[in-house]
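The structure under discussion appears below in the form of structure tokens.
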Amino acid sequence: SAKSDPILVVDGVKRSFGGLTAVDVEHLEVQRGTITALIGPNGAGKSTCFNLLTGFDRVDSGRWTFEGRSINGKRGHQVARAGMVRTFQLTKALTRLSVLDNMLLGAQGQTGERMGGAFLRSVWGRQEKVNTERALDLLERFKLIDKRRDMAGALSGGQRKLLEMARALMTDPSMIMLDEPMAGVNPALVQSLLHHITSLRDEGKTVLFVEHDMDVIMGISDWIVVLAQGRVIAEGRPSDIRSNQQVIDAYLGA
Ligand code: ADP
Ligand code: MG
Numbered sequence: 025s026a027k028s029d030p031i032l033v034v035d036g037v038k039r040s041f042g043g044l045t046a047v048d049v050e051h052l053e054v055q056r057g058t059i060t061a062l063i064g065p066n067g068a069g070k071s072t073c074f075n076l077l078t079g080f081d082r083v084d085s086g087r088w089t090f091e092g093r094s095i096n097g098k099r100g101h102q103v104a105r106a107g108m109v110r111t112f113q114l115t116k117a118l119t120r121l122s123v124l125d126n127m128l129l130g131a132q133g134q135t136g137e138r139m140g141g142a143f144l145r146s147v148w149g150r151q152e153k154v155n156t157e158r159a160l161d162l163l164e165r166f167k168l169i170d171k172r173r174d175m176a177g178a179l180s181g182g183q184r185k186l187l188e189m190a191r192a193l194m195t196d197p198s199m200i201m202l203d204e205p206m207a208g209v210n211p212a213l214v215q216s217l218l219h220h221i222t223s224l225r226d227e228g229k230t231v232l233f234v235e236h237d238m239d240v241i242m243g244i245s246d247w248i249v250v251l252a253q254g255r256v257i258a259e260g261r262p263s264d265i266r267s268n269q270q271v272i273d274a275y276l277g278a
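At position 22 of the sequence shown the residue is numbered 46 (full-length UniProt numbering), and the sequence of numbers has no breaks.
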């Protein structure tokens with residue numbers, strides 16, 4: 025619908041690295057309950073945007089609200105608790121922890137290489153049962169249940185992407201941001217990932233994802249935001265974006 029109900033509103037967010045302006049977003053809104061694609065050439069600032077908005081990097085200036093509340097300056101796990109989680113372009117599954125322990129770690133909305141399974145269990149205490157049940161449900165849904173005792177390092181690249189998505193859902197977020205969830209994933213698993221993304225939207229969650237495959241983008245997105253050199257150069261419905269000359273130039277001229 026045309027009704028505006030943004031879950032995320034970004035204003036004047038800037039981040040430079042040395043002399044390079046990586047992100048310079050004047051205004052950006054993500055509408056609740058949509059699948060929104062963030063697209064743009066390599067180096068456009070997509071991952072940096074995710075890092076900034078989810079508290080994994082610091083802005084030089086700017087502000088943003090999630091669910092109407094300012095989350096400027098909050099760290100990753102605080103942002104996760106507020107209901108906004110993200111996955112990474114390079115998966116962060118902890119290779120020497122079991123799949124199930126990776127999920128339990130997700131319940132905290134943060135990761136740490138030095139945390140072992142014993143530590144996790146001591147931290148969780150009474151919460152453990154609830155978290156374990158939720159983890160097993162998600163592993164079932166993502167068809168990783170048979171792998172729960174395997175080390176995450178033994179999973180295929182595609183299965184790790186699924187694990188990362190499942191783990192991000194441990195805190196029951198209202199918005200999930202996926203950074204190239206389909207990269208390096210075999211075609212069968214791509215279909216499965218697409219199915220999971222659309223189901224999340226159909227359950228009322230908001231999805232913001234970075235992707236390069238135009239067929240995938242056009243196929244599942246409700247809205248597309250195009251970033252080039254850190255700036256939003258266009259946004260609109262898939263049919264508008266497909267025929268937008270600026271977008272074609274940004275991709276083909278890169
Ligand atoms: P995208 O995800 O769209 O490919 P990135 O956000 O990764 O783009 O990068 C945007 C720009 O910022 C690139 O030029 C990249 O080299 C630069 N960049 C990103 N992170 C850093 C960093 N930590 N230090 C220096 N430059 C960075
Ligand atoms: Mg990136």
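Note that the Cβ used here is the ideal one computed from N, Cα and C, for glycine as well.
{"query": "With hydrogens ignored, establish whether the beta-carbon of Q113 is closer than 6 Å to any heavy atom of the ligand MG.", "result": "yes"}
{"query": "Three Cβ pairs or more, each shorter than 8 Å: is that satisfied between the segment 110–130 and the segment 50–58?", "result": "no"}
{"query": "Return the Cβ separation of L162 and L193 in integer angstroms, given the expectation that the two are a contact with Cβ distance under 8 Å.", "result": "6 Å"}
{"query": "If you reduce the DSSP assignment to three classes, tell me which class V215 lands in.", "result": "Residue 215 is actually Gln in this sequence, not Val. Helix, per DSSP."}
{"query": "Which residues does DSSP pair with D239 in a beta bridge?", "result": "Per DSSP, none; premise fails for D239."}
{"query": "So for V271, helix, strand or coil by DSSP?", "result": "helix"}
{"query": "Which complete alpha helix (DSSP H) runs does the segment 27–100 hold, if anything under 4 residues is left out?", "result": "70–77"}
{"query": "Please look up how many angstroms separate the CB atoms of M201 and F74, rounded, as I've assumed it's under 8 Å.", "result": "5 Å"}
{"query": "Relative to the ligand ADP, is the shortest distance from any of its heavy atoms to the C-beta of S71 smaller than 6 Å?", "result": "yes"}
{"query": "Give the DSSP bridge partners of G254, in chain order.", "result": "The partner list for G254 (beta bridge, DSSP) is empty, contrary to what the question assumes."}
{"query": "CA-CA distance, L218 and A212?", "result": "10 Å"}
{"query": "From the DSSP secondary-structure annotation, give me the bridge partner or partners of I265.", "result": "Per DSSP, none; premise fails for I265."}
{"query": "Taking only the alpha-carbon atoms, compute the straight-line gap between F166 and Q183 and give it to the nearest angstrom.", "result": "9 Å"}
{"query": "May I ask whether a heavy atom of the ligand ADP can be found less than 6 Å away from the beta carbon of A46?", "result": "yes"}
{"query": "Under 8 Å by Cβ, that's how I've got R39 and T72 pegged, so tell me the actual separation to the nearest angstrom.", "result": "6 Å"}
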